[in-house]
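Right, one structure below, let's go through it.
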Amino acid sequence: MQALARGAHELLGAMSLKDTWAYSGLQDIRLRYRRSFLGPWWLTLSTAITIAVLGVLWSKIFEMDIAEYLPFFAIGHVIWTWISAQLNDACAGFTQFEHIIKQTRLPYPTYLLRLSIRHTLILAHNAVVVAAVLLFAGTGFHAVSWLALIGVALVFVICVLVAIVLAIGCARYRDLQPLIASGLQIAFFVTPILWQPGALRSAAWMAELNPLFHWIELIRQPLLGHLPAAAHYWWTGASMAVLGAVSLWLLGRERDRIAYWM
Numbered sequence: 001m002q003a004l005a006r007g008a009h010e011l012l013g014a015m016s017l018k019d020t021w022a023y024s025g026l027q028d029i030r031l032r033y034r035r036s037f038l039g040p041w042w043l044t045l046s047t048a049i050t051i052a053v054l055g056v057l058w059s060k061i062f063e064m065d066i067a068e069y070l071p072f073f074a075i076g077h078v079i080w081t082w083i084s085a086q087l088n089d090a091c092a093g094f095t096q097f098e099h100i101i102k103q104t105r106l107p108y109p110t111y112l113l114r115l116s117i118r119h120t121l122i123l124a125h126n127a128v129v130v131a132a133v134l135l136f137a138g139t140g141f142h143a144v145s146w147l148a149l150i151g152v153a154l155v156f157v158i159c160v161l162v163a164i165v166l167a168i169g170c171a172r173y174r175d176l177q178p179l180i181a182s183g184l185q186i187a188f189f190v191t192p193i194l195w196q197p198g199a200l201r202s203a204a205w206m207a208e209l210n211p212l213f214h215w216i217e218l219i220r221q222p223l224l225g226h227l228p229a230a231a232h233y234w235w236t237g238a239s240m241a242v243l244g245a246v247s248l249w250l251l252g253r254e255r256d257r258i259a260y261w262m
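Structure below.
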């Protein structure tokens, strides 16, 4: 319990520095695309091309109407890109800021919130692609579409909690980073992003046991005009509770050792 309390204190300390990590995340984007004409919109353009090409291809493979399949795939792809980018980046969440960690004392989640804000800004740019796809498919926006913002907020919190575990683990054991990257590549194919859960028929329970599916559906279903099923909220709430306990306990237990692992 003492480690859990220390971890909670560390996280709350980081959250109180919102001006620091929010500005740093924005500055990361500015510096990355300095002297670029389109800036982060290059990523949006790349995302749009990927969705257009793969959307047409996979709709033909699955023999589905493009107007039905494209919104499903586009939203799933954009959300998956956001989640996986945060988790991949979290593996170096402390080591990439080694020079700062060794010189000043900031709550460790500050660095991970900075990374999450960075990728959430990119998500905001990619939301333009999702909006264009919904308009193209004639889906438009619905009264329940605003629930997607709640989904984004919940998944943001979950990603930060997972990032704490990954950043600590990868700082201690450097071989974990390529292992996590490989695992995320596999997760892309076993999560309903390219394919719909109904395609599994009697084996649809496999998708139901995948927490990533529930996280994505919290955002995708409202944008498609549907209320997310209660199961998606239950799974997300359970994930948040478990990850919160594990990440805060681990952070409280290892926070004094992290700087020595750099």
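Numbering (the UniProt record's numbering), first residue to last: 1 to 262. Beta carbons are placed, not taken as given, at the ideal position from N, Cα and C, and that holds for glycine.
{"Check": "Touching or not, the stretch 170–186 and the stretch 132–150, by the rule of three or more beta carbon pairs under 8 Å?", "Outcome": "no"}
{"Check": "Beta-carbon separation of residue 232 and residue 218 under 8 Å?", "Outcome": "yes"}
{"Check": "Smallest Cα separation from residue 158: which of 198, 20 and 211?", "Outcome": "211"}
{"Check": "To the nearest angstrom, how far is it from the Cα of residue 143 to the Cα of residue 173?", "Outcome": "47 Å"}
{"Check": "For residue 180, would you say it is in contact with chain C, using Cβ-to-Cβ distances shorter than 8 Å as the test?", "Outcome": "The chain inventory of the structure shown lacks chain C, comprising one protein chain alone."}
{"Check": "Taking only the alpha-carbon atoms, compute the straight-line gap between residue 114 and residue 66 and give it to the nearest angstrom.", "Outcome": "37 Å"}
{"Check": "Which stretch, first to last residue, makes up the alpha helix (DSSP H) that contains residue 59?", "Outcome": "41–61"}
{"Check": "Once DSSP output is grouped into helix, strand and coil, what is the label at residue 212?", "Outcome": "helix"}
{"Check": "Just verifying my parser: in three-state terms, what is the DSSP assignment at residue 16?", "Outcome": "coil"}
{"Check": "Could you please give the first and the last residue of the uninterrupted alpha helix (DSSP H) stretch that includes residue 186?", "Outcome": "176–190"}
{"Check": "Can you tell me where the alpha helix (DSSP H) holding residue 71 begins and where it ends?", "Outcome": "66–90"}
{"Check": "Going by other Cβ atoms of all chains shown within 10 Å of its Cβ, with 16 needed for buried, is residue 89 buried or exposed?", "Outcome": "buried"}
{"Check": "Considering only the alpha carbon of each residue, which of 60, 87, 13 and 119 lies closest to residue 169?", "Outcome": "87"}
{"Check": "Check this for me: beta carbons of residue 80 and residue 188, under 8 Å apart or not?", "Outcome": "yes"}
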